[in-house]
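Enquirer: Attaching a single structure in structure tokens format; questions to follow.
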Amino acid sequence: MMISRPASPRRRVPDMRLSTLRGMGETAIITGAAGGIGAAAARRLAAAGARCVLVDRDPGVSDMAAAIGGTALVGDLTDPELSERAVAEAGDGLRLLVLNAGTNCADKDPATLDLDRYRAVVGVNQHSVTYGLRAALPVLRRGGGGSIVVTASLAALHGVEQDPIYTMTKHAVIGLVRALSGPLSREGIRLSAVCPGLVDTPLTAGARDRFQAAGIPMLSADEVAAAIEETLRSGEPGTELVVHPGRPPVRYVQAPIP
Ligand SMILES: NC(=O)c1ccc[n+]([C@@H]2O[C@H](COP(=O)([O-])OP(=O)(O)OC[C@H]3O[C@@H](n4cnc5c(N)ncnc54)[C@H](O)[C@@H]3O)[C@@H](O)[C@H]2O)c1
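In structure tokens form, the structure reads like this:
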């Protein structure tokens, strides 16, 4: 059951390393940054002074990186080696990580699931998040802290019948955030998730007209990017931030286990 409550007043994070992340000289990695939410997040972080390393399989990420004065890596994030390369490119100044790359899955019925597509969706939505953490955490620890946001989805918090495989992967990611955010926060590393509803991006472009005709509102990529930036900078570790069109973002609070 999804329960949204107004955001509680933010608790002060006891570890001061988390509150000293703003400023020039820091480096950010943003995955899935060729367009959509990732590109919007990269624009914001670059404008705030971060050196940005953009990663995407879409070669258009190079133009995006050039536009914001960042660096691009083109490749498939289902290969763990790409995350290692991104972290090497970022270097010791790595402080911010936006694990955003993802895609949806057309197959609704496991009985007829295309296994190549299944592996590709799980590979990027789920495994690439683990690969990103695996590569980045040693550098963040060495540097004294950092901040990580995973782009999850409302599908991380409830079952979306139109896309059960996507739902599974986003639930997996939110489970990882729930289990890891506490231990990491004690090391000065903030890990949180942003959970948007429908966003107007290349991912949803094929259905945009139908949503519009049905009067279903969509978020802009920049609205989600703003929520990502805010969560990176000052969200309480373990935040699951629900972002709906036309409303202020609100923290999701789990119902207690009976
Ligand atoms: N658009 C929405 O309605 C919506 C809603 C909730 C959550 N999200 C999530 O937001 C994130 C960003 O999506 P978006 O809407 O900006 O879509 P998008 O398609 O514009 O961006 C996703 C990017 O990830 C890249 N990518 C996908 N698979 C990859 C791989 N294997 N290796 C490297 N790059 C890969 C794509 O090339 C693309 O540039 C995704 O995780 C998505 O699940 C989107």
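Residue numbers (numbering that gives the first Met the number 0): 0 to 257.
From the three backbone atoms N, C-alpha and C, an ideal C-beta is built for every residue, glycine too.
Checking 7 Å against the spacing of the C-beta atoms, do LEU93 and THR26 come in under that value?
Expert: Here residue 93 refers to the residue found at position 94 when the sequence shown is read from its first residue. Here residue 26 refers to the residue found at position 27 when the sequence shown is read from its first residue. In this structure, THR26 lies closer than 7 Å to LEU93 by Cβ.
Enquirer: Can you tell me whether ALA41 is buried or exposed, with buried defined as 16 or more other CB within 10 angstroms of its CB?
Expert: Indexing the sequence shown from 1 puts residue 41 at position 42. Buried, by the Cβ-count rule.
Enquirer: Check whether the Cβ of ALA64 sits closer than 6 Å to any heavy atom of ligand 1, and report yes or no.
Expert: For the purposes of this step, residue 64 is taken as residue 65 along the sequence shown, with counting starting at 1. ALA64: no, Cβ never under 6 Å from ligand 1.
Enquirer: Between SER184 and PRO257, is the Cβ-Cβ spacing less than 7 Å?
Expert: Looking up residue 184 in the sequence shown gives position 185. Looking up residue 257 in the sequence shown gives position 258. Contact flag unset, no.
Enquirer: Near ALA151, what residues of its chain come up, given a Cβ to Cβ distance below 6 Å and the 5 sequence neighbours on each side ignored?
Expert: Position 152 of the sequence shown, counting from 1, holds the residue named residue 151. These residues qualify, in order along the chain: LYS169, VAL172, ILE173, ALA192, CYS194.
Enquirer: Specify the secondary structure class of PRO236 as computed by DSSP and reduced to three states.
Expert: Within the sequence shown, numbered from 1, the residue matching residue 236 stands at position 237. In the structure shown, PRO236 sits in coil (DSSP, three-state: anything other than H, G, I, E or B).
Enquirer: If contacts are defined as beta-carbon pairs under 8 Å, then ASN99 and GLY31 qualify, I think. What distance do you get, rounded to the angstrom?
Expert: The residue labelled residue 99 in the question sits at position 100 within the sequence shown. The residue labelled residue 31 in the question sits at position 32 within the sequence shown. At roughly 4 Å, the Cβ-Cβ gap stays under 8 Å, so ASN99 and GLY31 are in contact.
Enquirer: Please report the distance separating the alpha-carbon of HIS126 from that of VAL252.
Expert: Counting from one through the sequence shown, the residue named residue 126 turns up at place 127. Counting from one through the sequence shown, the residue named residue 252 turns up at place 253. C-alpha separation (whole angstroms): 25 Å.
Enquirer: For ALA220 versus GLY101, is the C-beta spacing smaller than 7 Å?
Expert: The residue given as residue 220 occupies position 221 in the sequence shown. The residue given as residue 101 occupies position 102 in the sequence shown. Contact flag unset, no.
Enquirer: Have a look at the DSSP bridge pairing and note the partners of GLY24.
Expert: Your numbering for residue 24 matches position 25 in the sequence shown. In DSSP, GLY24 forms no bridge with anything.
Enquirer: According to DSSP, what are the bridge partners of THR150?
Expert: Translated into the one-based positions of the sequence shown, residue 150 becomes position 151. For THR150, which the question treats as bridged, DSSP gives the partners VAL193.
Enquirer: Figure out for me which residue from ARG189, LEU240, ALA49 has the closest Cα to the Cα of GLY143.
Expert: Residue mapping note: residue 143 aligns to position 144 of the sequence shown, counting from 1. Of the listed residues, the one whose Cα sits closest to GLY143 is ARG189.
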